[in-house]
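In what follows, a structure is listed as structure tokens, so that the remarks can point back to it.
Number of protein chains: 2
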Amino acid sequence: MTMLYVVIACGLLSVLYAIWATRSVLAADQGNARMQEIASAIREGAQAYLTRQYTTIAIVGIIVFIIAWWLLGASAAIGFLVGAVLSAAAGFIGMHVSVRANVRTAQASANSLAAGLDIAFKSGAITGLLVAGLALLGVSVYFWILTGPMGHGPTDRLVIDALVALGFGASLISIFARLGGGIFTKGADVGGDLVGKVEAGIPEDDPRNPATIADNVGDNVGDCAGMAADLFETYVVTVVATMVLASIFFTGEAAITLMLFPLVIGAVCVVTSIAGTFFVKLGTNNSIMGALYKGFWATALLSLIAIALVIVFWLGMGTEFQASDQTTFTGLDLLLCGVIGLAVTGLIIVITEYYTGVDYRPVRSISQASVTGHGTNVIQGLAVSLEATALPALVIIAGIIASFLLAGLFGIAIAVTTMLALAGMVVALDAFGPVTDNAGGIAEMSNLPPEVRQTTDALDAVGNTTKAVTKGYAIGSAGLGALVLFAAYTEDLKFFAANAQPGTFFDGVSVNFSLSNPYVVVGLLFGGLLPFLFGGLSMTAVGRAGSAIVEEVRRQFREKPGIMEGREKPDYGRAVDLLTRAAIREMIVPSLLPVLSPLVVFGIIYLIAGKNEAFASLGAMLLGVIVTGLFVAISMTAGGGAWDNAKKSFEDGFVDKDGTKHLKGSEAHKASVTGDTVGDPYKDTAGPAVNPMIKITNIIALLLLAVLAH
Amino acid sequence: MTMLYVVIACGLLSVLYAIWATRSVLAADQGNARMQEIASAIREGAQAYLTRQYTTIAIVGIIVFIIAWWLLGASAAIGFLVGAVLSAAAGFIGMHVSVRANVRTAQASANSLAAGLDIAFKSGAITGLLVAGLALLGVSVYFWILTGPMGHGPTDRLVIDALVALGFGASLISIFARLGGGIFTKGADVGGDLVGKVEAGIPEDDPRNPATIADNVGDNVGDCAGMAADLFETYVVTVVATMVLASIFFTGEAAITLMLFPLVIGAVCVVTSIAGTFFVKLGTNNSIMGALYKGFWATALLSLIAIALVIVFWLGMGTEFQASDQTTFTGLDLLLCGVIGLAVTGLIIVITEYYTGVDYRPVRSISQASVTGHGTNVIQGLAVSLEATALPALVIIAGIIASFLLAGLFGIAIAVTTMLALAGMVVALDAFGPVTDNAGGIAEMSNLPPEVRQTTDALDAVGNTTKAVTKGYAIGSAGLGALVLFAAYTEDLKFFAANAQPGTFFDGVSVNFSLSNPYVVVGLLFGGLLPFLFGGLSMTAVGRAGSAIVEEVRRQFREKPGIMEGREKPDYGRAVDLLTRAAIREMIVPSLLPVLSPLVVFGIIYLIAGKNEAFASLGAMLLGVIVTGLFVAISMTAGGGAWDNAKKSFEDGFVDKDGTKHLKGSEAHKASVTGDTVGDPYKDTAGPAVNPMIKITNIIALLLLAVLAH
């Protein structure tokens, strides 16, 4: 268990890095008074929203905490609390830095691209390393407290239940934060664009648009805080599921070693991620994407070496492990599974860049389709979004087969863990986006020279692709992790059934998960409908929030005719406040859908056909939600990114296949704006929220088993 | 086996009805010379397209025929031929009548709504009853030939394989016809609307638009012939799968009786469908939907009585049957399963009407969202399309559970069979749509008085909902039938494994279909990606065909400036010809996707992990394609219908929530046209083609088993 101290030390290292980087960011020049005024408006809006969001979630959280204490005891309830609080903290601190880095990035961009990139990326890296570091610390410290001072055995049910509850805490925050933040940011974006760009004919981030501060607030609460909560959850749930699997599959010393193994992978990768951040430097070709990729590939390579060293010196390359499902594998096999995890990550990045990058066929086909109008733009965008699911799915399928052949189900778990161990770096690339987006807005609103805006725009364009990449990565890990979560469920079920006292709930339970059992098909269909219904509800929510903003902005323009002439100041606060209330209100029902569905399905099938069939339907539901959720999420995030960049392709003039050049303001450009508007809630609200939705359904099912066994 | 003669007699009755109704339609007034000229242009275009389409399919068909003969022998190859030829015949004859009924409906509408409805519906009923009748005749006559004159036992593998091959023939035609017809019709629609309505500012069906004849041709080849082939296939495959299941589950006399039972249900429902057509009469309230519903509900009620009589007098209410999976049930249980099938149909109709009808929340929310622009219209449309999947899925889930509780897997099969037994009536309601759509076009182009157009528009508006209903019905039956097809696969597999000679392929095969087998998850994911990829490819195909039309029409306008002034005649033929070539070219690759995928998946997994895992992945793939396909198809067809009717709601002026009225030509109306354009390929190309795609994947898997056993 000494390795546990190493893990905790690595976790603390990430916190130290965050403190150092925060100081370095805060030391930078804040720019002129106008810039600071705008930045403080954004900061206040973001803090007000996040405080309100977390207050609302806290009410739900307290209720769940009490229920968890009552049903599962103190250690599970406290685990839930730890997961929830740390998830919220990662989001809150990330946003805290991000709303301070934005104005400094704008000011630095006035000096050079390299300086702008440096501050923006450092800000992103703080969020990234806090996500990975706090997740690691949360799991490892709580695991240490339970097994050390409190003296429980590492494989005790109490410990397992407490860790699962910790994952549940992270999941619950995550679904609300993803969805609430997503509705806020896209409500502002859709509404602001429609009434500003389309009706009033003013550019994005024009200070005359009353929704413009809300739009910038949204970048921070949605793309930064929401995304951080999402990845925090994905990280925690994957590590916990791998530990649960290790505790069930192995016995004795091997169980403890392999329970620690995912934590150790996470720990060394936190260190390599920190190292990787220093590789992000603009080369002589001034390629921003190139600079970011240098950081990513350095991290990937260093991680590979670090994991290999861990296996050589700690696990043993040739050490044989035998799982209770009769799979045997060596340390080398696990290393190869790690390589598979890294390869899946790399391939998903490459595929996502192909589908969302300006230079490739998919985005160009959408630009071309814009030439014939709004309708064909949307048709082609939808076609790309549907098609974009195929290759990532094939990569995931290949990853499942390869890691399963090497080391069985536990091999798949290690592949996903390794994939997610890079989260620090991947989140850094993503959280960099909202900072540059904000920096551009601040430059525009405070009338900085156009070169500054050009620099921030260049940084922002890269953000579109990195955002799509992170989402593909998060949902891809869910696809690959599907089997791990399902295995945790089935193995738990077997464990409880085998250890059931006569007369207790699990006595005589024997579940048939075969596809020829109709209750399995029923579960698959029921799980399959969740991402669709959830997507529909969240798209509607964004539409409603956007319409509310349109009406508010129209009202301000009508009542204060001086706004458009620059004589009167718009009431930015009202738009922020209106969206805050709308987002909080709209996030509740869709968020509860994945929380309550597993319980409802289990309850109904239990009443109709008894417990065996209820467990079968519930289990199949977990896979059903992944089978459709994977495709829904990838299609939405990739499609949205492609639409966004198709619009961007008109900014420098798009040359169509007949050689005609279409500039900004042309009919084709207007058609591309429609696609971008549609893509907004697709890629930033509905799509990414599917990922926590999948996890929470799985976690609820695991907790249900624990409750029934209690 | 005397019942088989009754079945054949009922099948012949439908042909007699079709002959009688055709005569009655052809006897009607064809209108003036201008109308006849236009109608003949549509007729020639449709015949030219269909001839070319079937010629192309014939090439694929002949290759498959030879392969089938070589691999499976003469009776299977001939079965394939029977299925293919009859499917093509149903589409061809339906279209043949439809392109003659259009002009007569236009002329009759000049007299009265009732007269227009009468001809249009009669034309639809011809297609409908030929679909059901020819499907029934094909299966029953070939079954009779095999078991009577040729002396094979009804449950012989040779007979089963021949019936499955018959289903395959129907499927293969269906996927090509659905997709080719869908690309043609929507390419014309999208392209024609964009360049006509949006750019040139001329109304739909304006004779100055060179794409207008192509648009009307498309209604016939896509919505009539394509849809007929699709439902023919659904009917045949369901009946055949139920017969296969009966032959495996039961032995002796019970096997023969229960193999005949689905045919008998089909037979009596053909008679009740014919009876139902006479209930379609305009009431005093002039409600067209009411008249159609009268016909549908009369058929449903009569069918229920007829099936009850069949069970009382032939099967026996109290007769007990015992399946080899230990399920026992009585005749009464089967009757109740039939009731469930009818209830599922009824509920899907009600739900589809809710989601696509002008008077309900979903469509009104899209109309309202159009007020704030193109973007919000599309967002809300997508939200409705996603949400619209939930209730139908729940109905299907309930249907599966209820019929399974009554009579096991065979009960589910009987529920689907009963559902599809109404196909004659349902197709009649649908095939009525393109006739009225064409009638409106002819009225417009030949300058008939506006009242005529009003009458045909009223008929056409109803067609939007009935079209959405038919698609929901077809895909719903696929969802409910999923288990039947999967059961046919697993039971076949068990049969071959149990009867394998040592050393043959099936020797020692024992497949684990449990969800905890990673190869099952791999299969689910692989199946899940097919509807997405297929949808993406077919949307792209429509976009490309539409863009080609836009360019062609722009060219004609440019080269013949007299067209817009009405001095020159556009070259309609070129647009038809261009689309014909485009549609045929574009349909090939997506159509081959579901045909080849099962073979590729089986082959790859076989090489990696051996036969057991290959059979597991292939089986799971069959369910995966249904789990995502069901939702993709419902969301596309319902969403498209809702967008279409949201556009229609502006034609009489849409009053938004602030009381402002938006008329045709307003900005809100233009936004609604964008949604309609997007919805076109969604609802008429990609969405409906998912249904034959699902079936063909399943049939190929069954055939693969037969080939491997051979």
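Chains as they are written, first to last, in the working numbering: chain A, 17 to 726; chain B, 17 to 726.
Using N, Cα and C, we set each Cβ at its ideal position, and we do this for glycine too.
Fair warning: this is a prediction, and the values are worked out from it, not measured in the lab.
- Taking C-beta separations shorter than 8 Å and ignoring five residues to either side along the sequence, the partners of Pro606(B) in its chain run Leu195, Phe550, Leu553, Ser554, Ala557 and Ala705, following chain order.
- Under the 8 Å criterion on CB atoms, Gly551(B) is classed as interfacial with respect to chain A.
- Phe159(A) and Val175(A) have their C-alpha atoms roughly 7 Å apart.
- Counting only the Cα atoms, Gly107(B) lies some 6 Å from Ala245(B).
- One thing to note: Ala227(A) has its Cβ within 8 Å of the Cβ of Ile565(A).
- Val671(A) is bridged by DSSP to Lys677(A).
- Residues are counted here when their Cβ sits less than 7 Å from a Cβ of chain B; for the segment 329-353 of chain A the count is zero.
- In this model, Met333(B) and Ile382(B) are separated by some 49 Å (Cα to Cα).
- Its chain contains Gly543, Leu546, Ile710 and Thr713 as the residues whose beta carbon lies nearer than 6 Å to that of Val641(A), once the 5 sequence neighbours on both sides are disregarded; these appear in chain order.
- Gly397(B) and Gly655(B) have their C-alpha atoms spaced approximately 6 Å apart.
- Listed in chain order, the non-local C-beta contacts of Ile54(B) below 7 Å within the same chain comprise Ile458, Met461 and Ser462, local neighbours out to five positions each way being set aside.
- With contact defined as three or more Cβ pairs closer than 8 Å, the segment 361-371 of chain B and the segment 657-667 of chain A are not in contact.
- Using a Cβ-Cβ cut-off of 8 Å, Ile264(B) does not count as an interface residue toward chain A, since no Cβ of chain A sits closer than that to its own.
- Contact annotation: in the segment 494-517 of chain A, residues whose CB is within less than 8 Å of a CB in chain B are Gly495, Ala498, Leu499, Phe502, Ala503 and Thr506.
- By the neighbour-count definition (other C-beta atoms within 10 Å, threshold 16), Gly292(B) is a buried residue.
- Restricting attention to beta strand (DSSP E) runs no shorter than 3 residues, the segment 573-655 of chain B encloses none.
- Remark: C-beta atoms of Ala283(B) and Val296(B) do not approach each other more closely than 8 Å.
- Comparing alpha carbon positions, the residue from Ala271(A), Phe184(A) and Ile73(A) closest to Thr254(A) is Phe184(A).
- It is roughly 35 Å from the alpha-carbon of Asp235(A) to the alpha-carbon of Tyr376(B).
- When secondary structure is reduced to three states using DSSP, Ser530(A) falls in the strand class.
- Within chain A, the C-beta atoms nearer than 8 Å to that of Val536(B) come from Leu531, in chain order.
- For Glu683(B), there is no enclosing beta strand (DSSP E); the residue is found in the alpha helix (DSSP H) stretching over Glu683 to Pro697.
- Taking a contact as a CB-CB distance under 8 Å, the pair Leu29(A) and Val286(A) counts as one, their CB atoms being some 7 Å apart.
- Only exposed fits Thr18(A), as fewer than 16 other CB atoms lie within 10 angstroms of its CB.
- Sixteen is the threshold: when 16 or more other Cβ atoms of the shown chains lie within 10 Å of the Cβ of His685(B), as they do, the residue is buried.
- Glu220(A) carries a coil assignment under DSSP once its states are collapsed to helix, strand and coil.
- Taking C-alpha positions only, Gly681(B) is separated from Ser114(A) by approximately 46 Å.
- Here Thr346(A) carries a strand assignment [DSSP, helix/strand/coil].
- Nearest neighbour of Asn393(B) by Cα position, chosen from Ile35(B), Ile83(B), Gly695(B) and Leu88(B), turns out to be Gly695(B).
- CA-to-CA, the gap between Ala34(A) and Ser156(A) works out to about 19 Å.
- Secondary structure note for Glu467(A): its alpha helix (DSSP H) is the uninterrupted segment Pro466 to Ala514.
- Straight-line spacing of the CA atoms in Gly497(B) and Phe277(A) works out to 46 Å.
- Take the alpha-carbon of Leu145(B) and the one of Leu153(B): they are about 12 Å apart.
- Within 8 Å of the CB of Ile412(B), the CB atoms of chain A belong to Leu541, in sequence order along the chain.
- For Leu402(B), a Cβ of chain A is located within less than 8 Å of the residue's own Cβ.
- For Thr520(B), the closest C-alpha among the options Ala44(B), Leu721(B), Ala57(B) and Asp231(B) is that of Leu721(B).
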